[in-house]
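Undergrad: Handing you this structure, nothing more for now.
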Amino acid sequence: DTGVSQDPRHKITKRGQNVTFRCDPISEHNRLYWYRQTLGQGPEFLTYFQNEAQLEKSRLLSDRFSAERPKGSFSTLEIQRTEQGDSAMYLCASSLTSASTDTQYFGPGTRLTVL
Amino acid sequence: GQQVMQIPQYQHVQEGEDFTTYCNSSTTLSNIQWYKQRPGGHPVFLIQLVKSGEVKKQKRLTFQFGEAKKNSSLHITATQTTDVGTYFCAGRRSNTGKLIFGQGTTLQVKP
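Protein chains in written order, with the numbering used here: chain A, 54 to 168; chain B, 109 to 219.
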């Protein structure tokens with residue numbers, strides 16, 4: 054399967070713990086996006102990278118959230134001191150950007166439950 | 109900040125009936141994309157519209173981008189049970205890679 058992969062698929066943690074998610078994009082894609090989705094809502098933009106550079110970050114992303122893409126390939130999203138409100142599906146998407154299109158291909162997501 | 113609103117939130121139709129979802133942005137968009145998410149699945153890209161007034165068709169699906177590039181619609185003719193899912197529009201402004209998604213319209217089709 055050469056699509057976007059995410060690991061783990063499910064994570065249950067206790068409030069106050071740190072969690073880290075990984076995303077492996079489609080290999081030739083230069084852009085990588087992180088979104089958060091709660092039930093009944095559309096994906097909410099968190100941040101995106103072009104190669105290894107983090108170009109934009111949502112103001113909704115508190116300082117407990119950090120993302121990296123150190124070699125311009127896979128990315129990690131870390132949430133420190135988790136809160137119950139962090140419970141959601143965390144989606145990663147990648148794209149190969151050109152002048153005319155930026156189709157995003159989504160991974161299966163990591164479902165986080167904070168107890 | 110930029111907002112993208114979608115209506116209706118839910119739509120139940122009888123198989124064979126038509127369906128339309130509408131998307132409105134608070135700001136002018138560079139382009140708009142449409143995605144479909146099946147229950148338990150992840151969003152899957154359907155189409156991108158870039159030009160003012162653009163209309164694109166994919167079999168029974170017709171997508172439109174408004175003249176002012178602030179609204180869009182998706183129309184499905186003669187729905188089938190395979191059309192079930194949530195349809196999201198997502199808008200992008202110029203000079204940013206950020207996509208803002210609408211809340212989605214969930215379509216249920218009764219056979």
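Backbone N, C-alpha and C define an ideal beta-carbon position, used for all residues, glycine too.
What in chain A is Cβ-close to Gly124/B, meaning under 9 Å?
TA: Those do not exist, as Gly124/B stays about 27 Å from chain A at its closest Cβ, beyond 9 Å.
Undergrad: Report the neighbours of Glu109/A on chain B: residues whose CB is nearer than 8 Å to its CB, in chain order.
TA: Within 8 Å Cβ-Cβ: Thr204, Gly205, Lys206.
Undergrad: Nearest chain A C-beta to Pro147/B closer than 8 Å, yes or no?
TA: No, no contact with chain A.
Undergrad: Verify whether the separation of the beta carbon atoms of Gly205/B and Asp155/A is less than 8 Å.
TA: Yes, these two residues count as a Cβ contact at 8 Å.
Undergrad: Going along the stretch 126–158 of chain A in order, which residues come within less than 9 Å of chain B, judged by CB to CB distance?
TA: For the stretch 126–158 of chain A, which is checked against every Cβ of chain B, the residues closer than 9 Å are Met142, Leu144, Ala146, Ser148, Thr150, Ser153, Thr154, Asp155, Thr156, Gln157, Tyr158.
Undergrad: The beta strand (DSSP E) that contains His183/B, what's its start and end?
TA: Here the beta strand (DSSP E) through His183/B covers 179–184.
Undergrad: Are the stretch 168–186 of chain B and the stretch 81–91 of chain A in contact at 8 Å, needing three or more beta carbon pairs?
TA: Judged by Cβ distances under 8 Å, the stretch 168–186 of chain B makes no contact with the stretch 81–91 of chain A, as fewer than three pairs qualify.
Undergrad: Going by alpha carbons, who is nearest to Phe74/A out of Lys67/A, Pro61/A, Arg68/A, Arg117/A?
TA: Of Lys67/A, Pro61/A, Arg68/A, Arg117/A, the residue nearest in Cα terms is Pro61/A.
Undergrad: Would you mind giving the Cβ-Cβ distance between Tyr143/B and Phe127/B, rounded to the nearest angstrom? I have them listed as a contact below 8 Å.
TA: Going by Cβ atoms, the distance from Tyr143/B to Phe127/B rounds to 16 Å, so no, they are not a contact pair.
Undergrad: Could you list which residues in chain A have their beta carbon closer than 7 Å to that of Phe171/B, in chain order?
TA: Near Phe171/B there are no residues of chain A at all, since even the closest Cβ is about 14 Å away, more than 7 Å.
Undergrad: For the stretch 139–154 of chain A and the stretch 86–104 of chain A, state whether three or more C-beta atom pairs, one from each stretch, are separated by less than 8 Å.
TA: Yes: at least three Cβ pairs fall under 8 Å.
Undergrad: Could you spell out the range, first to last residue, of the beta strand (DSSP E) harbouring Phe74/A?
TA: First-last of the beta strand (DSSP E) with Phe74/A: 72–77.
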